[in-house]
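Report on the structure given below.
In our numbering, the protein residues as written are 6 to 176.
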C-alpha cells in the first residue's frame, strides 16, 4: 500500500494531465464541454477514478460519456508519459452528479423559504382559540383570597395552643 500523500499527489497530477489533454481537444465530435472535477486513486496506485461534469443537456452528457470511454486508452497513455510511476493506473470516467445535486438543494431551499413565509403570514393573522390568557381568571383570584383567609385562621388556631420550648414535664 502506497503512502496516502503520494496517492493524493498522483491524483492531482492525473487531474491536471487529463484536463490539459481535453483542453487541447480530442478528435471525437461527440465530446462536449467537459470539466474534470476530481480524481481518486486507489491505495495501490493501480486504478484512478476520474470524475467529470458536462455542460449541456442529457444527450450531450451521454455523447461525452461515450467519447471519454472511447478515448480512455489514449488518455491513459498520456498519463503514463507524464507521471513518474512504474505502473500507469487504469482510468475510469465517472459522471459527477454535482450539478444535479446543486439543483436539488436549490429547489429544497426555495421550498423551505416559501413555507417559512407562509407560516410567518399565518402567524401575523393568528388569533387565540379561546381567551388571550386562559390561566388568569376570576376563579383563581377568588381562590387566592380564600387561601389567604384560611392561612390567617390557621395562625389564630395555633395561638390558642400552649407552646412548650424545651421544657420537660416532671412526673
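For glycine and all other residues, C-beta sits at the position ideal for the given N, C-alpha and C.
Through-space distance from residue 114 to residue 32, alpha-carbon basis:
41 angstroms
Taking the C-alpha atoms as reference points, what is the distance between residue 82 and residue 43?
19 angstroms
What are the residues that DSSP puts in a beta bridge with residue 100?
57
Are there 16 or more other CB atoms within 10 angstroms of the CB of residue 16, so buried, or fewer, so exposed?
buried
Output yes or no for whether 7 angstroms exceeds the beta carbon distance between residue 27 and residue 46.
no
Classify residue 41: buried if its beta carbon has 16 or more other beta carbons within 10 angstroms, exposed otherwise.
buried
What's the C-alpha gap between residue 55 and residue 124?
45 angstroms
Would you mind stating whether residue 67 and residue 103 have Cβ atoms separated by less than 7 angstroms?
no
DSSP bridge partner residues for residue 43 (one or two, in chain order):
56
Could you tell me if residue 19 is buried or exposed, where buried requires 16 or more neighbouring beta carbons within 10 angstroms of its beta carbon?
buried
Closest by CA to residue 64, which one among 87, 37 and 53?
37
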